[in-house]
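In the numbering used here, the protein residues as written are 15 to 154. No residue lacks a Cβ here, since even glycine has one placed at the ideal position from N, Cα and C. The next block holds one structure in the form of structure tokens; read it before the comments.
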């Protein structure tokens with residue numbers, strides 16, 4: 015799990031954190047639990063995920079935590095109903111990773127709009143630090 019924090023954080027406002035887990039439930043639910051713990055301590059948390067995952071996590075996630083959606087782009091060979099590693103064969107995991115990587119324009123727009131002070135992301139999303147640092151001004 016990685017995170018990026020903005021320099022010169024404003025201590026008068028609650029810390030704003032965006033959670034961006036990879037598409038594996040073994041990763042998603044720890045992000046849900048961390049989100050709940052942060053929110054319980056006054057941190058403003060926003061959770062990023064696919065629309066199809068929302069019903070699977072909504073009851074576990076603090077109801078005050080907003081969920082923002084992004085969509086996987088079409089990747090040749092990746093069935094449209096594949097949304098997590100649980101719903102794909104081992105051979106499709108690489109295509110799911112490629113689809114997730116291709117979401118960077120959407121994620122960049124979401125982050126630019128939210129202007130969080132911290133982005134928590136999964137290690138498999140190694141592209142996040144570079145894209146966020148260049149596009150949103152967060153640094154590692």
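Taking residue i as the reference, which of the options has the closest Cα?
{"i": "residue 76", "options": "35, 89, 87 and 59", "result": "59"}
{"i": "residue 79", "options": "147, 112, 139 and 56", "result": "56"}
{"i": "residue 62", "options": "116, 125, 28 and 47", "result": "125"}
{"i": "residue 28", "options": "48, 45 and 52", "result": "52"}
{"i": "residue 127", "options": "47, 26, 151 and 48", "result": "151"}
With a threshold of 8 Å on Cβ separation, who are the neighbours of residue i within its own chain once the five nearest residues in sequence on each side are excluded?
{"i": "residue 145", "result": "118, 121 and 122"}
{"i": "residue 54", "result": "76"}
{"i": "residue 106", "result": "91, 92, 93 and 96"}
Tell me whether residue i is buried or exposed, calling it buried when 16 or more other Cβ atoms sit within 10 Å of its Cβ.
{"i": "residue 90", "result": "exposed"}
{"i": "residue 94", "result": "exposed"}
{"i": "residue 74", "result": "exposed"}
{"i": "residue 45", "result": "buried"}
{"i": "residue 26", "result": "exposed"}
Excluding the 5 residues preceding and the 5 following residue i in the sequence, name in chain order all residues of the same chain whose CB lies nearer than 7 Å to its CB.
{"i": "residue 110", "result": "37, 92, 96, 99 and 102"}
For residue i, which residues from the same chain have a beta carbon less than 6 Å from its beta carbon, with the 5 sequence-adjacent residues on both sides left out?
{"i": "residue 30", "result": "58, 130 and 131"}
{"i": "residue 86", "result": "113"}
{"i": "residue 116", "result": "87"}
{"i": "residue 66", "result": "97"}
Considering only their Cβ atoms, is the gap separating residue j from residue i smaller than 8 Å?
{"i": "residue 39", "j": "residue 139", "result": "no"}
{"i": "residue 71", "j": "residue 42", "result": "yes"}
{"i": "residue 32", "j": "residue 133", "result": "yes"}
{"i": "residue 83", "j": "residue 64", "result": "yes"}
From the DSSP output, read off the bridge partner residues of residue i.
{"i": "residue 59", "result": "31"}
{"i": "residue 79", "result": "None; residue 79 has no bridge partner."}
Verify the contact flag: residue i, CB atom, against every heavy atom of the ligand ZN, threshold strictly below 7 Å.
{"i": "residue 135", "result": "Ligands in the displayed structure: none, and consequently the ligand ZN is not present."}
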